[in-house]
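Protein chains in written order, with our numbering: chain A, 17 to 175; chain B, 17 to 175.
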């Protein structure tokens, strides 16, 4: 498979995963959290598919496409661990979180995911969903939509 | 349509377009030219789908994924206009060219495409195909595969 086809498959997994999760959380109260804004493509899809919920965004820098800049009050700039701790302290509760941090170096990305997992869990409402391209720990891994290859995207449910 | 969906549609157009063109040029002698390597995804797809032809690559800088670095002799670093003129002077003949230069600012990209068009035409074998996301001038615009929306990808035949 060429890297062009692989990228398309990744985007398809993101689209199918977010659409599936948007439906799954319909009965669950809570906000949405995007961890890693990047160019803003998944944020744009989240806000298209999920109406009526606040979508918080964490990233170190704001460097997204101009059309995807989050409302200033919802963009939390800085280190995720600190921000997640603060959010938990404030009692913020997420029904859905999308984890998209990564350096592009698998070993480091897995470490980072493991390190942040408890802080993510602390802001999730019970039964809330986490979508991630990295393995996370301490959350129940569940099956996502059947269309997604299991190594492409991971789905977790908060205890 | 979210930017995530739009990006997927663009990748699909690239994949379908390259696959279609690879088939179309089967009876046409000549090399392949990638203008704009970027991260190397379309180059990776071109080399996967088109065997037995030399694939020249023009870009100002080499910043692709490590797995997509072209052979040193095939990577032509610098300004496209100068390089295309030199290639034409050396009698290089392309059966297929993929035009993927762009600043991301439509007006500038259209200007650049128009400016480079005669230099591209000068390295194309008669009947050779040019795939482009920007309008080019002085080449016959033709229909590509039916699956691609006409505004996503443009197809040209060299006179």
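Ideal Cβ placement from N, Cα and C applies to all residues, glycine included.
The DSSP-derived three-state label of residue 21 of chain B is helix. Contact residues of the region 20-44 of chain B toward chain A are 20, 21, 23, 24, 27, 28, 30 and 31 (C-beta to C-beta distance below 7 Å). The Cβ neighbour count for residue 119 of chain B, taken over all protein chains shown within 10 Å, is under 16; the residue is labelled exposed. Within the region 37-88 of chain A, the runs of beta strand (DSSP E) that reach at least 3 residues and sit entirely inside it are, in chain order, 47-51 and 71-75. The alpha-carbon of residue 24 of chain B is positioned some 26 Å away from that of residue 76 of chain A. Chain-order list of chain B residues neighbouring residue 58 of chain A: 20, by C-beta distance under 8 Å. Secondary structure in the region 99-146 of chain B: the alpha helix (DSSP H) runs of 4 residues or longer, each lying completely within the stretch, are 122-137 in chain order. In the assembly as shown, residue 148 of chain A is a buried residue. Its beta-carbon has 16 or more other beta-carbons within 10 Å. The beta-carbon of residue 149 of chain A is placed no less than 8 Å from the nearest beta-carbon of chain B. Three or more Cβ pairs closer than 8 Å define a contact, and the region 92-111 of chain A falls short of that threshold against the region 49-57 of chain B. Residues of the same chain with a CB within less than 8 Å of the CB of residue 141 of chain A, apart from the 5 flanking positions on each side, are 44, 45, 46, 109, 110, 111 and 174 in chain order. For the pair of segments examined, the region 51-70 of chain A was found not to touch the region 161-173 of chain A: the number of CB pairs separated by less than 8 Å stays below three. Taking a contact as a CB-CB distance under 8 Å, the pair residue 113 of chain B and residue 73 of chain B does not count as one, their CB atoms being some 11 Å apart.
Among the CB atoms of chain A, none fall inside 8 Å of the CB of residue 114 of chain B. Excluding residues up to 5 positions away in sequence, 130 and 133 lie with their Cβ nearer than 6 Å to the Cβ of residue 153 of chain B in the same chain. Listed along chain A, no residue sits closer than 9 Å to residue 127 of chain B by beta-carbon distance, the nearest being about 21 Å off. Within 10 angstroms of the beta-carbon of residue 17 of chain B lie fewer than 16 other beta-carbons, which makes it exposed.
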